Structures are given as C-alpha cells and as structure tokens.
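First residue of the sequence shown: 1, per the UniProt record's numbering; consecutive thereafter. Where is the CB? At the ideal position from N, CA and C, for every residue including glycine. Just so we're clear, the structure is a prediction, and the values are computed from it rather than from any experiment. To start, the structure under review is shown below, and the notes come after it.
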Amino acid sequence: MASLFSIGSMQRSINRDALQALDDLPVAVMTCDLSSFCIDYANKASIGLVDKLKHILNLDPSKIVGTCIDVFHKHPEHQRRIIGDPKKLPHKARIKLGDEVIDLHISAIYDAAGRYIKASLVWSIVTEQYRADRETKRLLQMIDKMPINVMTCDPKTFEIDYVNQTSLKTLETVEKYLPIKVKDLLGSSIDVFHKHPGHQRKILSDPSNLPWRANIKVGPETLRLDVSAIQDTDGSYLGPMLSWSIITDQTHVTDQISGVVTTMNEIGTELDDTAASMLHTAEAAGSQATSVSSAAEEMAASFSEIAHRMTTAAQKSRAATEQADSTAGQIEALKNASESIGTIMGTIQSIADQTKLLALNATIEAARAGELGRGFAVVAAEVKGLSEQTSRETEQIRAQIEAMQSQTSGAMTAIRSIIDMIRELDSLSSAVAAAMTQQQAASQEVTRAISSVSDASNKTRMSAQTVMGMVDKVKGVQKANSEIEAFLKSR
C-alpha cells in the first residue's frame, strides 16, 4: 500500500513538473476536453496571446480555462469534427480573428493505454509573418510578371535557382543558340552561357565585385548583363541577381547614332566656321558700304554744288552775252555816227576849201581895189585864216574819227569774238551743268544702290547671326545626341 502511495505521489510530482515545464515554454499551448470542447489548460504564453486578442474575443484572459473553443471560430462544427477524430490529427490550420492571423497546430494526447484523451493546441499570432509572406509573394509575382528578365543563382554552386517568366519567354527567342532547352534552365549552371566561366564565377562569388555589367554574345545576338548583390538584413551575401536584355537592335541603333553624331559634329564645325566667315564678311561689307555711301553722298553734294555753280555761270554768260550784244549795238551806232560825222566833216572841209578859195579871190580883188579894198583884204585874210584853221581842225577831226572808226571796227570784231566765246562758254556751261545733273542723279542712284548693299549686308549679318544661333542649336543637338549615344551605350 505504501508502495502504491509512493508511486501515486511520484506520478503527481511528474505531472506537476510537466505542467511547470509547459507553463514556462515560450510557445503558446492549450489543451481541450473532448467531451465539452472546453479549454482545460492554457500556459502563460497562451494567456498572453489571449490578452493581445481580448479586443477581438471579448474574453478575460484569466478566464480562458473553461471557455469553449468555439469562441475562436465563426463556424466551429468543422473544428469539432477534426478534434473529435484522432485520425484527422495532427492538423494544421491558419485562421483569421479580426485583423489578426493565427497559426494552429492540433495534436492528439494519448494515455498510457493508448487511448485518445485530449487534444493539444500549439498556436501563435503570425499576422506580421503573414503580411511579410504575402508581400514577399506579391513581390515575387511582380518580379515574375514584370517586363524585365531576372534570374538568380546560388553563390556557391552557381546553379540557377530562379528564373522569372519574362526571362523564359525572352530566352525562347534565342533557344536555338543555347546548349540546353529553356525548360531545363532552372537548376542548371550559369556556365552554359559562358565559354570560360571561371571569370564569371570569380566575380559572382564575391559581393565586393558587384554591381557588375557586361555584354556577351549568344549566337548573333548581344546580351547586356547587369548583376547586383542580394543581401540579408544583417548584410550577409545571399547571392547574385541578374537582370539582362537582348540589345542587338539597340547596339545597331547606337552605332548608327554614333555615325550621326560624328556627322553632326563635322557639319556643326563646318557650319560654325562658315557662319563666322559669313558674319565677318558681312560686317566688313557693311563697314565698306558705309564708307562708300558716305563718300558717294559727299560726291553727290559736290556734283550738286558744281551743277549749281555751272548753272550760275551759264546764267552770267548769257547775261554777259546780252550785255556784249548791247555794247556791240552801241559801238555799231557809234561807228555809224562817226561815219556820218566823217561825211559832215567832208562837207565842212569842202566848204572850208571853197571859203579859202573865195578868200583868196577876195584878197586878189582887194589888192586890185587898192586902198579901198584894204579893209576887205583884211577881212578876206582873216576868212582865209579861219578857213585854213577850219580845214586843219577838220582834218584833225577826220583823222580822229577815222582812228575812232578803226578802233570801233576792232572793238566790234573783239566784241563779236567775245560774244562768240561767251556763247560757246554758255553752251559748254549748260552742257557741263546738264552732265553734272546727270552725274548727280547717277551718284544718288549709286548712293541708293550702296544703301541697298548696306541693307543687304545688314540682312546678311543678321542671317549670319541667325546661322550662328542655329549653330548653337546644332551644338545643343550634338550634345543631346552625344548624351543619347552615351545613354544607349550605358543601357
């Protein structure tokens, strides 16, 4: 009897120790009575979890023992059937309580005789893990569906352990150039893509070599590889991630753009030089046109002044001609008057000669008369003297008149020569004035032409400046093309 009591005490002691151990476990554990489906045990961890869920369960954590398991389920019949049949155990499930997610692991407890006596539940709140797993699945699905080719491999074995769907579809386009089928790629070594894989293995095994970029040839196609390191939260290297693309067409376009950029650079340089030369020429032409225009304007002013003076000279020549004609008329009248005087003087000379002859006859008759004729002889002598004096003076006057007539004739000849010269000068002055007027008109036309040249030069200069602006734009295009070229080469 004492022995049985001792065994019972030992069994109770073992049960207490087991319960103490369960109570101290960091895992939430509960047991359920099979007849009532009520919780008959909950360790400290379970009570703690119930406390976290009390706003959902509306349950006092201290009263969890004795509570029916139905509080955890909207439709508890399913759980009752599972717990009621040990053949369905162990059983794992994930349920949602409000916004929390709970993992359940139900096991059967048997007695020493092998009878099913209780159901035990190990459970945990896995909301954060659930959300993280869901986010991970979402990200994996995104990577699988995104239009970028992605693969990963084991950093030690270099076996491909992930290939997204885009990679598989893209690789199918170059499958005939691969040593294996695309469907067999997962689990294969990365060596299938390289003739000498030792270099790639060395790079991929050390995260300090990453990120890394390279171009490889697969048949006639060019592939661009971009490798990055995947690291754990603690920074440990998990493996390389490869994103890749077929850039054969892009490489061809890049080569073409490189040629275009080179040509544009050459054209831009030539255009720049031409525009600079044109601008320099336009500025020089404008400067020369301005100088010539000023000289032409001064020449036009000189021509105008000369024409004005020649017109004035012609007018004065015509006035002098008129005055000379008037003087010639007066001299002609004087000549005619002197000729008339000469005629009169001839008559006077004739009268004086007759008077002298009469006086001589009177003297002779007075001498014959003697004393009686003496007084008459005196008078006759005086008359003779007067007639002789008259004859002498008449002769002097005749000589003077003849000299005057001679001088008048010379003056007439000189005046007529002067008139002819003045008229010729008038004609020449008029011709020069007309020529100067025409020259002035021509000079003004030249000035207008030079002004047009100056305007054209200014327009040329503006056009050259516009071309220079276009050159700057071309240089901008060159820069943009260079940037595009660099961008394409970097892709």
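Measuring alpha carbon to alpha carbon, tell me which residue in the options is nearest residue i.
i, options, result
"V29", "A113, A45, Y162, G235", "A45"
"S387", "T222, K356, E371", "K356"
"P90", "A119, R80, K96, E100", "A119"
"L204", "P147, S107, D226", "D226"
"F72", "K88, G84, D103, P86", "D103"
"W123", "K96, D234, S391", "K96"
"P147", "Y130, T157, L168, A132", "L168"
"A301", "A229, G370, Q444, T466", "Q444"
"L223", "D234, T251, D232", "T251"
"H105", "A93, D111, T31, A113", "A93"
"L34", "D51, S452, R81", "R81"
"R115", "P86, V126, K54", "P86"
"V101", "L49, K145, E339", "L49"
"I125", "P26, S245, D60", "P26"
"T166", "S188, I143, T157", "I143"
"Q400", "E339, T233, A431", "E339"
Which one or two residues does DSSP pair with residue i in a beta bridge?
i, result
"R213", "D226"
"E159", "S189"
"Y110", "Y116"
"N458", "Paired residues: none, contrary to the question."
"Q231", "Y237"
"M151", "V163, L242"
"M30", "A42, L121"
"H91", "I106"
Run the CB neighbour count on residue i, radius 10 Å, all protein chains shown included, and call it buried at 16 or more, exposed below.
i, result
"I180", "exposed"
"A214", "exposed"
"A366", "buried"
"H138", "Inspection of the sequence shows that residue 138 is occupied by Arg rather than by His. So R138 counts as exposed."
"S3", "Low local confidence applies: a pLDDT of 38 at S3 is under 50, so the model's placement there is unreliable, and no value is given."
"L22", "buried"
"L140", "exposed"
"V192", "exposed"
"P240", "buried"
"A113", "exposed"
"L132", "The question names Leu, yet the displayed sequence has Ala at residue 132. Exposed, since its Cβ has fewer than 16 Cβ neighbours within 10 Å."
"N336", "exposed"
"I344", "exposed"
"I230", "exposed"
"A42", "buried"
"L242", "buried"
"Q79", "buried"
"Y110", "exposed"
"I364", "exposed"
"residue 492", "Residue 492 cannot be examined here, being either before or after the span of the chain that is shown, 1 to 491."
"T254", "buried"
Please report the straight-line C-alpha distance between residue i and residue j, rounded to a whole angstrom.
i, j, result
"P207", "S236", "10 Å"
"V218", "E135", "35 Å"
"Q389", "T413", "35 Å"
"T173", "H196", "24 Å"
"Q20", "D40", "15 Å"
"T290", "T269", "31 Å"
"R398", "E424", "38 Å"
"V163", "S228", "15 Å"
"L210", "T152", "14 Å"
"A276", "I257", "27 Å"
"G66", "N58", "15 Å"
"D272", "E221", "40 Å"
"I69", "C38", "6 Å"
"I348", "T394", "7 Å"
"E175", "P155", "25 Å"
"H75", "T233", "40 Å"
"Y451", "A319", "Looking at the sequence shown, residue 451 is not Tyr but Ser. When rounded, the distance between both Cα atoms is 41 Å."
"G117", "C32", "The sequence shown places Ile at residue 117, rather than the Gly named in the question. The straight-line gap from Cα to Cα measures roughly 9 Å."
"Q465", "L279", "7 Å"
"G198", "K145", "32 Å"
"G346", "A333", "20 Å"
"A369", "Q396", "36 Å"
"H194", "T263", "37 Å"
"K202", "S188", "18 Å"
I'd like to confirm something about residue i: is its beta-carbon nearer than 7 Å to some heavy atom of the ligand HEM, or not?
i, result
"D144", "Among the components modelled here there is no ligand, and therefore nothing to report on the ligand HEM."
Could you confirm whether any beta carbon from chain C is found closer than 8 Å to the beta carbon of residue i?
i, result
"S258", "This model lacks chain C altogether; it includes just one protein chain."
Which whole-angstrom value is the C-beta distance of residue i and residue j, which I expect to be below 8 Å?
i, j, result
"I56", "G98", "4 Å"
"I160", "L186", "6 Å"
"D420", "S391", "Actually they are not in contact, since the Cβ atoms of D420 and S391 sit about 43 Å apart, beyond 8 Å."
"W212", "N149", "16 Å between Cβ atoms; not a contact."
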